[in-house]
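Taking our numbering, the leading residue of the sequence shown gets 47, the next gets one more, and so forth. Read the structure below first, then the notes.
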Amino acid sequence: MEEYMDSAKSRRHITWLPMVLVALLAGLGSVTAQPADWGPMSPSMEDVPYPHSVSFLSFTMYGQDVRMAYMDVAPNGAANGRVVVLLHGGNFFAEYWKGTIEALRNEGFRVLATDRIGYGRSSKPIVPYTLHDMALHIKMLLEEQGIPKAAIVGHSMGGMVTSRFAFSYPEMTTHAVMVNQIGLTDSRLERPWRNPEEQYQASLNRSYESIRRGIERYFITWSPEYEYFIRLHYGWTQSGDWPQFAKVRSRISQMLYADPVVYDWPHIKAKTLVIGGAEDGPNFRALAKNVADTIPNAELVLIDNVGHIPHLEASERFHSELIRFLESDPIPHTEEQSQP
């Protein structure tokens, strides 16, 4: 967990500690050791049921054959003709969108929920990772499906991919939604670069305690269902595949530092929703407002008393705002908008 948390340090200072303690004491009491029955879990998620059938897009990446997993979910009832792509955060995977998938398909949307390369059921090659590649893979999936344009919804690190996609492919973006996006500043101006070997060792040597702390601080109000994420992350570290997966995670962490999206925002043309739990660290409100002020056609929605994952912690309010926004008319695209 530590590697992805580094990118958020500017918005999670010591003032975050009381909120963590409240959530911990209210929800769990004092937990210092993993349950005895928690064994290895596969980083490839074979032992986790996904809510819908999983398909794969095959392609070559840096000379390696890879597959990107995704769920393609049809509307439940009459279709509204619109497509939504859901992009998970850096510590998550497509499965955690299951409630959002149902909320969207019940309103007539077709939903594509992907596991990016390096995550979930997708391939995890040891290659350079870039936001440009991640955005390109979404473009390739849409083209393979014959979808000319879609709304792109990204949570946390997925919000960074949304930023890069909307910047790079304005003609394919009807709406952009950034849900508690990370990378809200240029980290290179705030903290030093981290040696790749140090980053790898930090990934490799994750402890149960650090994993629990990392997951707990995502939420203001703890629920027992969130234990699921702690068990998965801890189980990955007990897997024989963990050293390989830790290398992937450390490479992605290097990417988050070296490839800021703050300079993409002024050039995003799509209608944009910047939304999130307002209590995602002491600086999130101001930083999220800056994003909305910087993107030309953006609006800001903050949900009080909610943390980093509003689609889990405040699903009804979050889905109401999301659907309202996605049902709005997109801004008509012009050729000039294709030139950032």
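For glycine and all other residues, C-beta sits at the position ideal for the given N, C-alpha and C. Note that the structure is predicted; figures quoted are calculated from it, not measured.
Closest Cα partner of residue i within the set the options
i    : options                : result
N152 : A124, I314, Y280, V173 : A124
V110 : N126, F138, S169, H98  : A small fix is needed here, since residue 110 is Gln in this sequence, not Val. Among N126, F138, S169, H98, the Cα nearest to that of Q110 belongs to S169.
A292 : S256, V225, Y272, Q245 : Q245
S104 : Y96, P97, P289, M114   : M114
M203 : E367, P289, H354, L358 : H354
V223 : L182, M91, V308, A338  : A338
P97  : Y108, F139, A334       : F139
A316 : S374, I147, H134       : S374
V199 : L188, V225, K185       : V225
E141 : V157, R128, V129       : V157
W143 : M117, K335, D93        : M117
R258 : Y274, I369, I377       : Y274
L235 : E271, V308, V100       : V308
P378 : A248, L368, P121, H221 : H221
Residue i, DSSP secondary structure in three states
i    : result
E367 : helix
R210 : helix
V337 : helix
D179 : helix
S104 : strand
M218 : helix
I261 : helix
Q245 : helix
R295 : helix
M114 : strand
K185 : helix
Buried or exposed by the 16-neighbour rule on C-beta atoms within 10 Å, applied to residue i
i    : result
R295 : buried
L71  : Per-residue confidence for L71 stands at a pLDDT of 38, beneath the threshold of 50, marking its modelled position as unreliable; the derived number appears in the next sentence. With fewer than 16 Cβ atoms within 10 Å of its Cβ, L71 is classed as exposed.
T380 : exposed
A69  : Interpretation of A69 is limited by its pLDDT of 41, a score under 50 that renders its predicted location unreliable; no figure is taken from the coordinates.
R237 : exposed
P356 : buried
R167 : buried
G229 : buried
R210 : buried
N251 : exposed
G286 : exposed
W239 : exposed
Nonlocal neighbours in the same chain, by C-beta distance under 6 Å from residue i, ignoring five residues either side
i    : result
F371 : L319
I20  : Residue 20 is absent from the structure shown; the chain starts at 47 and stops at 386.
Chain-order list of residues whose beta-carbon lies under 8 Å from that of residue i (same chain, five-residue window excluded)
i    : result
P312 : T340, I341, P342
D350 : A324, E325
Residue j beta carbon less than 8 Å from that of residue i
i    : j    : result
A324 : L348 : yes
T160 : D305 : no
Contact set for residue i: own chain, Cβ-Cβ below 7 Å, skip 5 residues either direction
i    : result
S361 : G145
T219 : K195, I198, F211, A212, A316
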